[in-house]
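Reading the sequence shown from the start, the letters are residues 437 to 719 in the working numbering.
We put the beta carbon where it would ideally sit given N, CA and C, even for glycine.
Worksheet for the structure shown next.
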Amino acid sequence: MAFKEVVTQHDGRLTPTDKQIAQELLSDPAKMAFLPAAEIAERVGVHESTVIRLAQKLGYSGYRALRADLQAEISPAGRIRRRLEHAPQLVNLVADEIAALNEMINTISQEQLEEAAQILIKSQRVFLFAQGHATSLLEFMDRRLRRSGFNTVVLKSQGRDLAEHLLTLNAQDAVLAFTFYAQPPGLSTLLDVAQETGAPSILISDTLGPLIRPAPDILLWARRGAEDQFLTLTVPMVICNTLILTIARLDEGRSLESLERLTGLISRFHHEDTEARNTPEKL
Numbered sequence: 437m438a439f440k441e442v443v444t445q446h447d448g449r450l451t452p453t454d455k456q457i458a459q460e461l462l463s464d465p466a467k468m469a470f471l472p473a474a475e476i477a478e479r480v481g482v483h484e485s486t487v488i489r490l491a492q493k494l495g496y497s498g499y500r501a502l503r504a505d506l507q508a509e510i511s512p513a514g515r516i517r518r519r520l521e522h523a524p525q526l527v528n529l530v531a532d533e534i535a536a537l538n539e540m541i542n543t544i545s546q547e548q549l550e551e552a553a554q555i556l557i558k559s560q561r562v563f564l565f566a567q568g569h570a571t572s573l574l575e576f577m578d579r580r581l582r583r584s585g586f587n588t589v590v591l592k593s594q595g596r597d598l599a600e601h602l603l604t605l606n607a608q609d610a611v612l613a614f615t616f617y618a619q620p621p622g623l624s625t626l627l628d629v630a631q632e633t634g635a636p637s638i639l640i641s642d643t644l645g646p647l648i649r650p651a652p653d654i655l656l657w658a659r660r661g662a663e664d665q666f667l668t669l670t671v672p673m674v675i676c677n678t679l680i681l682t683i684a685r686l687d688e689g690r691s692l693e694s695l696e697r698l699t700g701l702i703s704r705f706h707h708e709d710t711e712a713r714n715t716p717e718k719l
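Here it is in structure tokens:
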């Protein structure tokens with residue numbers, strides 16, 4: 437059962453102070469789930485023992501058990517579990533995604549997208565970085581950029597291998613990185629190296645983005661949904677598609693010319709393959 441539902445179930449037994457503490461815990465579950473009882477008490481203006489008594493009123497053995505429940509609730513597995521508890525999944529998921537997409541325009545402007553697009557258009561090479569499930573967006577952007585005539589360098593490794601790939605990064609290049617939920621190893625060093633070499637950096641992220649240091653030159657971030665929801669890559673995928681379309685609008689026909697050339701190359705390879713299949717093998 438979600439913590440909010442636990443509070444609602446015990447509402448009749450809670451004092452105004454109890455409700456104030458519960459409201460504080462629900463205000464930002466991703467943050468509150470890791471704070472000690474003393475800090476929660478200080479934020480509300482009560483004694484630590486009052487917070488502990490609330491946890492016991494709600495059926496927990498103590499505040500640690502309540503906090504563990506909150507932490508489990510905001511984990512990826514917890515979000516999926518709650519999603520499965522509430523049907524119909526399709527209607528709810530679509531509604532959540534629409535809400536997140538509508539909110540995206542509050543954190544990303546067309547001017548930012550155009551500035552990011554110009555950085556990529558002017559670059560000699562685009563270094564793409566991601567770890568974990570964010571690599572699906574890296575692979576998508578790698579293919580779309582190559583089809584549009586860009587030279588790309590994929591950075592999915594760590595440590596020594598990542599360092600070797602960054603040896604030739606220079607001010608004529610650009611860095612496009614992706615990170616969601618938790619900062620991946622190597623990102624801070626990558627952004628440091630980009631600053632040192634003069635290569636402009638672009639970061640596509642969620643609520644983690646504004647916390648990343650050093651800060652990228654361009655930050656395109658948007659919430660992927662509420663913290664207690666199952667979070668998908670729908671919002672960042674829309675950011676990627678919008679960035680590609682913005683590039684095509686601003687690059688004076690470069691993307692279209694590249695796509696036309698690609699069509700011709702595909703046709704030639706298809707023709708060669710057809711001829712090879714129709715040629716009888718010699719004994």
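Rounded separation between residue i and residue j - CA only
i      : j      : result
SER694 : GLN560 : 15 Å
LEU612 : GLY700 : 29 Å
ASN677 : LEU581 : 11 Å
PRO472 : THR453 : 18 Å
LEU719 : PHE705 : Residue confidence is low: LEU719 scores 47 on pLDDT, short of 50, so the model does not pin down where it sits. Its coordinate-derived value is still stated next. Distance between the alpha carbons of LEU719 and PHE705: 26 Å.
MET673 : THR615 : 13 Å
ALA477 : LEU686 : 54 Å
LEU502 : ARG659 : 26 Å
GLY634 : ARG500 : 47 Å
LYS592 : ILE640 : 16 Å
ASP653 : THR625 : 15 Å
VAL442 : VAL590 : 46 Å
ALA438 : ALA531 : 20 Å
GLN631 : SER584 : 26 Å
Exposed unless 16 or more other CB atoms sit within 10 angstroms - verdict on residue i
i      : result
LEU692 : exposed
SER497 : exposed
THR444 : exposed
ASP597 : exposed
GLY448 : exposed
ARG697 : exposed
SER545 : exposed
PHE666 : buried
GLY645 : buried
ALA469 : buried
THR451 : exposed
ALA523 : Any reading at ALA523 is ruled out, since the residue's pLDDT is 49, under 50, leaving its predicted position unreliable.
VAL671 : buried
ASP628 : exposed
ALA535 : exposed
ALA474 : exposed
Run of the alpha helix (DSSP H) containing residue i, from where it starts to where it stops
i      : result
LEU574 : 571-583
PRO472 : PRO472 -> no alpha helix (DSSP H), and no H or E assigned at all.
THR543 : Per DSSP, THR543 belongs to no alpha helix (DSSP H) and is neither H nor E.
SER559 : Run containing SER559: none; DSSP gives neither H nor E here.
ASP454 : 452-463
ALA491 : 484-493
Delimiting residues of the beta strand (DSSP E) encompassing residue i
i      : result
ARG564 : The question names Arg, but residue 564 is Leu in the sequence shown. LEU564 -> beta strand (DSSP E) spans 562-565.
Report task. Report the residue ranges of all beta strand (DSSP E) runs contained in full by the stretch 586-658; include only those spanning at least 3 residues, in chain order. Result -> The qualifying runs are 588-591, 610-615, 637-641, 654-657.
Query - Three or more C-beta pairs below 8 Å linking the stretch 543-563 and the stretch 600-617 - result: Touching, per the Cβ criterion.
Query raised in the report: Taking three-plus beta-carbon pairs below 8 Å as touching, is the stretch 495-507 in contact with the stretch 620-628?
Result: When Cβ pairs closer than 8 Å are counted between the two stretches, the stretch 495-507 is seen not to touch the stretch 620-628, the count staying below three.
Query - Start-end ranges of the alpha helix (DSSP H) lying completely within the stretch 666-699, minimum 4 residues - result: Entirely contained in the stretch 666-699, the alpha helix (DSSP H) runs reaching 4 residues are, in chain order, 670-686.
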